[in-house]
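Here is the structure we will look at.
In full-length UniProt numbering, the protein residues as written are 1 to 752.
Right, here's the structure in full:
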C-alpha cells in the first residue's frame with residue numbers, strides 16, 4: 001500500500017497585549033495623563049491645545065508617550081475623542097501603523113505628525129463640552145509571534161454550521177411576528193402586545209407569578225400594564241425573546257440614554273436580572289458630567305450598587321463645579337438629599353491625590369475587562385482612565401479709591417497701587433494709571449489702565465489672570481469691565497519685566513461716570529485666578545459591570561425539564577414527552593404545520609411518533625429547546641455515530657436545518673474506512689450534498705480506496721444503490737485527476 005499523502009498545519013499568531021486608556025481633561029491646556037501600563041511598559045497621553053509647535057498652532061496635538069526609560073516596543077496606536085454628550089468614542093481619528101517605538105531622542109512620541117485635528121472644528125464639536133474633553137488611546141503592543149505545534153489536517157473538508165446564537169435569535173425574533181401561537185395580550189399606553197405565557201414565565205419570575213401563580217388573573221382578555229411607555233415594553237419584549245437590544249441600539253444621543261434608563265426600571269420591575277445588568281453596564285460606560293447625578297439617583301432608587309459606585313468614582317475624578325451646575329444634581333439635591341450626602345462622603349474617599357508631575361504617579365495594576373458587549377469596540381482590552389483637573393486658586397480683592405480726582409493729573413508715569421493680597425500662595429497688587437499711559441504701552445488712547453503685579457520674590461513662574469469688575473455705587477453689584485479680555489499670562493518673580501500683566505483698559509468717559517464714579521469714589525473688584533500644575537489622577541481601571549452571557553437557552557432547557565405550561569404530549573414507543581407547541585412551531589416548519597396549521601390534530605390525546613427511538617426524540621427536543629446536544633455525550637464510539645445518524649434523519653424529517661448541518665459536520669469529521677460507504681448512502685438519501693461530496697473525496701484518496709472497496713458497507717451499497725456507486729466512482733475519477741495535477745505542481749517531499 002502506498003504511503004499516505006499527509007497534510008499538516010501550523011499557525012503563527014502575533015502575541016499582543018492591548019489596552020485602552022481614557023484621559024479626561026477639564027479646562028484644557030498642555031497636559032499629560034496619568035501613567036498606565038500596556039504590554040509591560042508604562043505610557044501616558046500628551047495633549048497640546050495650541051499645537052505642538054508654532055507652525056501648527058491652528059491644530060490640537062495628541063501624542064502617546066512611552067514613559068519606561070530606555071524601553072523599546074513594537075506597537076500600533078489608535079487615538080479617539082469621546083463625545084461628551086453620548087459618551088461614545090469617535091471613529092478612529094489617528095491610527096498609527098505598527099512600528100518600533102523607542103524611549104529616547106524624541107521617538108518616544110507617536111504619532112510623529114502633530115496635526116491631530118483642526119482646533120476650530122474641535123472646539124465647535126461635541127468632543128468639547130463644558131470646557132471638558134476625553135481622549136481614548138487604544139494601544140496594542142506586539143510581542144512577537146506564537147507558532148502553534150504542527151498538527152495533522154488530513155480530513156480538512158468542513159461543513160459550515162451557523163452560529164448557535166444567530167439561529168436562536170432569528171427563530172425567537174420570528175416568534176414575535178405571527179399571532180396564531182400567542183396566548184396572552186398586554187395593553188400598554190393604548191397599544192396591544194401579543195406574547196406567549198411560557199416564554200415570559202421562564203424569563204421573569206414576576207411574569208411567572210402573574211401568569212401561572214396564585215395571583216394570576218383568570219379569564220382576562222388583556223393585561224393592562226401601567227406606568228410604562230409602549231416603546232419600552234416593546235424593547236423589553238424583544239429582549240425577553242432574543243436577549244438582544246438591537247432595536248434600542250439604533251437610537252442616538254439622549255434618546256438612547258433615556259430608553260436605557262426606562263429599560264432598567266422595567267427590568268427591576270419584572271426581576272429580569274440580566275437586562276438590568278446590561279442597562280447598568282451601558283449607563284456606566286456612558287457616564288458624562290451632565291448625566292452622572294441623574295444616573296446616581298436612578299441607581300439608588302433601583303438598588304444598583306455597582307452603578308452607584310461607578311457614579312461616585314466618576315464624580316470623584318471630575319470637576320465637581322461642573323456637576324453641581326447640572327439640572328440632575330439640583331433635582332437630586334431637592335428629591336434625594338440623603339443619597340447626595342452619602343455620595344459626597346464617598347466622593348471624598350475616592351478623590352484622586354494631587355500630583356505635581358506625571359512622573360510621580362506610579363503605574364496602576366490593570367486587569368482585563370470582564371464586559372462582553374458587542375456595541376463596544378474594544379471590550380477584550382483592559383481599559384484605564386485618568387483625569388486632569390485644573391489646579392487653580394481664585395481670590396477677590398476690593399480696591400476702593402476714595403478721592404479719585406486727587407490722584408489724577410500727576411502725569412502718565414504716576415499710579416496708585418492697592419494693598420498686597422495673597423492668591424495661590426503668591427502676593428499680588430493692582431496698579432492703576434488714571435492718566436494716559438504712554439510709556440508702558442506706547443499708545444495715546446485716553447484710557448484708564450490697570451495692571452496685575454506680582455509682588456512675591458523668588459517664587460519662580462506662575463500663570464495668572466485678572467478680571468476687573470466695576471461696582472455700581474447705587475446697587476453694590478459689580479460687572480466685568482471687559483468680559484472677553486481675561487487672558488492668562490506667565491508672571492516671573494525673578495524677571496522685573498515679567499512681573500506685570502494688563503488687566504484693564506477702558507475709555508475714560510465710561511470709567512469716570514455714574515454709576516461707577518459717584519461722590520469722587522470708585523470701587524474695583526479684582527478677581528485673580530492663579531493656575532498651577534494641573535492635578536492628574538492615578539490611572540485606574542474604567543468601572544465596568546459584568547454582564548453574564550445569554551442564559552435564554554438554559555432557561556428554555558429548564559422549561560423542557562419542568563414541563564410548566566406544556567400543551568402537547570408526544571408518545572414515542574410508549575414513552576410520553578410533554579412539550580410546548582410554540583417552541584416546536586418556532587423551530588420546525590413541520591411541527592408548525594402539524595400543531596398550528598390546517599393539518600393539526602384536534603383534541604388532547606398524545607400524538608404518536610412512529611419510526612423513531614425515544615432517545616432520538618429526546619435529543620431532538622433538547623436541541624429544539626436549547627440548540628445543543630448534551631445527551632450525545634452519553635454515547636461512546638459507534639453508539640455515538642449511530643445516534644448522530646438517527647438525529648440527522650430526524651432533523652431532515654422535521655426540517656430542523658441547523659441540527660441537520662450539525663450532524664453532517666460531526667459525521668464529516670469522523671469519516672473512516674468502515675463508515676464512509678454507509679455515510680454516503682445516508683447523505684444521498686437525505687439530500688446532504690456537502691456530506692456526500694466529503695465522503696466521495698475521502699474515498700478518492702489513493703491510500704484509502706482499496707480498503708473502502710473491501711469494506712462491508714461498500715459491498716452493501718453496490719447491492720442496494722448501484723447508481724449511487726456509479727456516480728461516486730465518476731466523481732472519484734475527477735478527484736484523482738485533480739489530485740495528480742496538484743501533486744505534479746508540488747515539491748516532491750511534501751507527501752512524505
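By construction, the Cβ of each residue, glycine as well, lies at the ideal position given by its N, Cα and C atoms. Note that this is a predicted model, so its numbers are computed, not measured.
Among the residues of its own chain, which have a CB less than 6 Å from the CB of residue 41, if the five just before and after it don't count? 68, 71 and 73
Start-to-end residues for the alpha helix (DSSP H) that takes in residue 304: That residue, residue 304, is in no alpha helix (DSSP H); it is neither H nor E in DSSP.
Suppose contacts are defined by Cβ-Cβ distances below 7 Å. Is residue 188 in contact with residue 239 by that definition? no
Which ranges would you report for the beta strand (DSSP E) in the segment 50-74 if only whole runs of at least 3 residues count? 59-66
Drop a sphere of 10 angstroms on the beta-carbon of residue 160, count the other beta-carbons inside from all chains shown, and report buried for 16 or more, exposed for fewer. exposed
Just to confirm, is the Cβ distance from residue 292 to residue 314 under 7 Å? yes
Pull up the distance between the alpha-carbon of residue 20 and that of residue 33, whole angstroms please. 13 Å
Is the beta carbon of residue 136 sitting closer than 7 Å to the one on residue 98? no
Where residue 560 falls: helix, strand or coil (DSSP): helix
Cβ-Cβ distance between residue 825 and residue 695 below 7 Å: Residue 825 is absent from the structure shown; the chain starts at 1 and stops at 752.
Pop quiz: residue 59 and residue 118 are said to be a contact at Cβ under 8 Å. What is the actual Cβ separation, rounded to whole angstroms? 6 Å
Residue ranges of each alpha helix (DSSP H) within the UniProt domain "MATH" (394-528), 4 or longer: 508-511
On the three-pair Cβ rule with 8 Å, is the segment 423-436 touching the segment 475-484? no
Let me check you understand the geometry: is the CB of residue 433 closer than 6 Å to at least one non-hydrogen atom of the ligand PLP? Absent from the structure shown: the ligand PLP. Ligands present: none.
Closer than 6 Å by C-beta to residue 607: which residues in its own chain qualify, once you throw out the five before and the five after it? Chain order, please. 570
Can you find a CB in chain C that lies within less than 7 Å of the CB of residue 252? Among the protein chains of the structure shown there is no chain C, as only one such chain exists.
What residues are listed by DSSP as bridge partners for residue 140? 18 and 76
How about residue 306 and residue 279: do their beta carbons lie closer than 7 Å? no
DSSP beta-bridge partners of residue 48: 61
I believe residue 616 touches residue 643 by the beta-carbon criterion, under 8 Å. Please report the beta-carbon distance rounded to the nearest angstrom. 7 Å
With distances taken from CA atoms, which of 309, 202 and 46 is nearest residue 66? 46
Tell me, to the nearest whole angstrom, how far the beta carbon of residue 684 is from that of residue 724; I am working on the premise that it is less than 8 Å. 5 Å
Please confirm whether residue 25 and residue 128 have their CB atoms less than 7 Å apart. no
Quick one: Cα of residue 482 to Cα of residue 402, how far? 23 Å
Take residue 396 and list the residues in its own chain whose beta-carbon comes closer than 8 Å to its own, dropping the five residues that flank it on each side. 525, 526, 527 and 528
Applying the criterion that 16 or more other CB atoms from any shown protein chain within 10 Å of the CB defines a buried residue, is residue 753 buried or exposed? Summary: the structure shown does not reach residue 753, with the chain confined to residues 1 through 752, and so no result is reported for it.
Contiguous alpha helix (DSSP H) assignments of at least 4 residues, all confined to the UniProt domain "BTB" (566-627): 581-587, 589-596 and 614-626
Per DSSP, the bridge partner or partners of residue 223: 186
Return yes when the Cβ of residue 296 is within less than 7 Å of the Cβ of residue 284, no when it is not. no
Residue 265 versus residue 646 - alpha carbon distance: 47 Å
Along the beta strand (DSSP E) that carries residue 678, what are the first and last residues, could you check? Note, residue 678: premise wrong, no beta strand (DSSP E); alpha helix (DSSP H) at 676-685.
Whole-number beta carbon distance between residue 449 and residue 505, since they are thought to touch under 8 Å: 5 Å
Is it buried or exposed for residue 563, if we count other Cβ within 10 angstroms and need 16 for buried? exposed
Quick check: the segment 271-278 against the segment 202-215, are at least 3 beta-carbon pairs closer than 8 Å? yes
Helix, strand or coil: which one does DSSP assign to residue 252? coil
Taking the C-alpha atoms as reference points, what is the distance between residue 761 and residue 23? Outside the shown range of the chain (1 to 752) lies residue 761, about which nothing can therefore be said.
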